[in-house]
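Structure first, commentary second.
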Amino acid sequence: MRVKKIEMLISSGDFSLSEDFQDVRANILLGIEAVEWFTPQEFTINPTPKGNGVKPIKENFITTLRELGWRTEQSMSIVDGVGAGPIDAVKDTAFGKFAVEWETGNVSSSHRALNKIAAGIIHGHIIGGMLVVPVKDLAKYLTDRIGNFEELRPYFVVYKTLNIREGVIGVIAIEHDGTDKNAPLIPKGNDGNALGRLENT
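Using this note's numbering, the first residue of the sequence shown is number 12, and each one after it goes up by one.
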């Protein structure tokens, strides 16, 4: 899997300039690079429109972050007045907790994730967060209505105008390395064990 674009919506204060943030960013990029399908060390998808599942895709990402010392699939409250909810991965830094979410839902889910990150920073529960979403060219091969970068982009201005003096909010757009009609469809549902099985036929 490769990164198409990194859009920084907020990058303010000492944390954004720190080695801690550089480490967090490097970890996330390593996790994305670790996501593969069909072709070793690459993400090659069957180009069937709406034919591939989304949840299994993030398994290698989560596994990599866990190996790098992140706490994964954590339940924590980062918004005042809202009960604890699942966070894909959390990293403890000298500045506070940093959260990352890998989008598997629709665009409304993407908006909620960004809102949660922003509110968490404002309330002081986290120092920052990033959302990983597919670009439209990848999303068209995934579950119908999966949130995508291009669909979110018109609303980035809302977050860029927030008065946050210390914190980081970013969106990472990911894309496939290639397509192959011989690649097996990525299972829909929760069959994460399917990811990482390399088919040679």
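Note that the Cβ used here is the ideal one computed from N, Cα and C, for glycine as well.
Fair warning: this is a prediction, and the values are worked out from it, not measured in the lab.
* Pick helix, strand or coil for Pro97, following the three-state DSSP scheme. => strand
* To do: Could you have a look at Leu142 and say whether DSSP puts it in helix, strand or coil?
  => strand
* Asked: Should the stretch 30-39 be called in touch with the stretch 98-117, which here means at least 3 C-beta pairs below 8 Å?
  -> yes
* Would DSSP call Ile68 helix, strand or coil? -> helix
* Which of the three DSSP states, helix, strand or coil, is assigned to Gly80? -> coil
* To do: Look at the alpha carbon of Phe54 and the alpha carbon of Asn71, and state the distance between them as a whole number of angstroms.
  => 11 Å
* Test item: CB-CB of Val46 and Thr115 under 8 Å -> no
* To do: Output the boundary residues of the beta strand (DSSP E) element that contains Leu20.
  => Arg13 to Ser23
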